[in-house]
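Here's the structure we're looking at; comments come further down.
In the UniProt record's numbering, the protein residues as written are 1 to 198.
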């Protein structure tokens, strides 16, 4: 438990009809946010294990091969989701905390004794979100485009949990391309006419 300074003012919390004081050293328990409850759900961990952790790179270790003269190879291993899903306890949540946390993540190295990725859930309400998810991935697992493609494939529609998400595509031809097509037809007809007449 954190030490609370002597000069820290007591705060009033609760509903207007039943306010109470938080005594020094006492901690107010808050229920988990819906996002946090979703991530702590066993079904979420199971689905993450069935999607992301099934990918060969996300379920393998880099090992130096003795047979190949020390060459680094990928070796398949068992993935324990509890070692990859991290929900830190946050004492003083604010947007500065998120920046500091991500900065510290970028300074630390990924543990190479397990597949080289982890997912951090920060239950910090910011101006943009109710909670923050930070996926830290070693660069050897893939480039940005391939990783984003994989993550999109791991998601499902909320309206139909079995269906893959649809991405919007522009299929309507622009008016400019229609004008060029019409112009090409007119020019071809004029050339044929001039050839016949001339």
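Heads up, the beta-carbon is just placed ideally off N, CA and C, and yes, glycines get one too.
For the alpha helix (DSSP H) that residue i lies in, which residues bound it at each end?
i          : result
residue 90 : Premise fails: residue 90 is in no alpha helix (DSSP H) and is neither H nor E.
residue 97 : 95–107
Which class does residue i belong to by DSSP, given the choice of helix, strand or coil?
i           : result
residue 130 : coil
residue 156 : coil
residue 137 : strand
residue 164 : coil
residue 178 : helix
residue 49  : helix
residue 185 : helix
Over what stretch of residues does the beta strand (DSSP E) that includes residue i continue unbroken?
i          : result
residue 71 : 71–76
residue 61 : 60–65
Who are residue i's beta bridge partners in DSSP?
i           : result
residue 117 : 137
residue 122 : 132
Can you tell me the Cβ-Cβ gap for residue i and residue j, rounded? I've got them flagged as a contact below 8 Å.
i           : j           : result
residue 105 : residue 63  : Not confirmed; about 25 Å, so no contact.
residue 61  : residue 98  : That pair is no contact at about 30 Å.
residue 85  : residue 58  : That belief does not hold up - the Cβ atoms of residue 85 and residue 58 are roughly 13 Å apart, past 8 Å.
residue 152 : residue 165 : 7 Å
residue 110 : residue 136 : 7 Å
Would you call the region 109–116 and the region 144–156 in contact, with 3 or more CB pairs under 8 Å? Taking 8 Å as the limit for Cβ pairs, the verdict is that the region 144–156 does not touch the region 109–116.
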